[in-house]
Every structure is written in C-alpha cells, then in structure tokens.
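Numbering (the working numbering), first residue to last: 1 to 120.
Shown next, in structure tokens, is the structure this report addresses.
Below, the structure is given as structure tokens:
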C-alpha cells in the first residue's frame, strides 16, 4: 500500500495528522492512498508519496496505527467522529429522559392550588 502526505501550495505547509491544521514536513501526517478520495482535496492541496519508517509500518500492519484520515462523519478525524457520535447518542438519550420526566411532573397551571407551592 502507498502512503501520502498532503502539501498545501496556498499555505506552503503540510497537513498535520488531524487533517485540520498545518505544520512543517517533519510533523506532517500521512494517509493511505484509499483515504485520499474522501478527504476532499482541492486545487491547492497536493498528495506527495511518503514511505513511513519500518517501525510505523509494523504498527500499521498489526492494526495499531490510527490514521488521522477524515472520516465520512462530519469530515472529522476518526477519533473526533467517534466522540461526536457518542455525544449525539448521549444528547438524544438525555432528551428522551427529559421528555419522559416533563410529561410526568409538569402540571397545568391551576390558580386554586398555586398558593400551596412553597416559596423561598
């Protein structure tokens, strides 16, 4: 498999591994060829072939290296998109629980019993 770094001719810098910021070539991220299509490169961004060091290739082969390639979810990095999904699930669960609570506890306004509500 071939790997690539992304160079921005507009900024004269390289993409960092998170795919959101720019850095120098030494700290630039790299991605497998099959992820370049979903990254949405424009005319000012150039994919440059890169050969990772042997230690990194060993991590990739064993599945322990996580690329910062942009995922289809929200155009974020993999880890970030997982956090977004977890946050959405948590927010949806919270909203369902709040809807259940509101339907059980909120009583319609009734002036006859309003004087019984304790005030601080």
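Every residue, glycine too, gets a C-beta built ideally from N, C-alpha and C.
>> Looking at residue 8: is its Cβ nearer than 8 Å to the Cβ of residue 29?
In response: Counting from one through the chain shown, the residue named residue 8 turns up at place 8. Counting from one through the chain shown, the residue named residue 29 turns up at place 29. The answer is no: Cβ separation not under 8 Å.
> Buried or exposed: where does residue 94 fall if 16 or more other Cβ atoms within 10 Å of its Cβ makes it buried?
Replying inline: For the purposes of this step, residue 94 is taken as residue 94 along the chain shown, with counting starting at 1. Its Cβ having fewer than 16 others within 10 Å, residue 94 is exposed.
> Could you give the residue range of the alpha helix (DSSP H) that holds residue 55?
Replying inline: Position 55 of the chain shown holds residue 55. Where residue 55 is concerned, the enclosing alpha helix (DSSP H) stretches over 54-61.
> Which of the three DSSP states, helix, strand or coil, is assigned to residue 95?
Replying inline: Within the chain shown, residue 95 is the residue found at index 95, counting from 1. It is helical.
>> Within the continuous beta strand (DSSP E) that includes residue 44, where are the two ends?
In response: In the chain shown, the residue the question calls residue 44 occupies position 44. Note, residue 44: premise wrong, no beta strand (DSSP E); not H, not E.
> With DSSP run on the structure shown, which of helix, strand or coil describes residue 16?
Replying inline: Taking the first residue of the chain shown as position 1, residue 16 is located at position 16. Three-state result, residue 16: coil.
> Taking the alpha-carbon positions, what's the residue 65 to residue 59 distance?
Replying inline: Taking the chain shown and counting its residues from 1, one reaches residue 65 at position 65. Taking the chain shown and counting its residues from 1, one reaches residue 59 at position 59. Roughly 5 Å between the two C-alpha positions.
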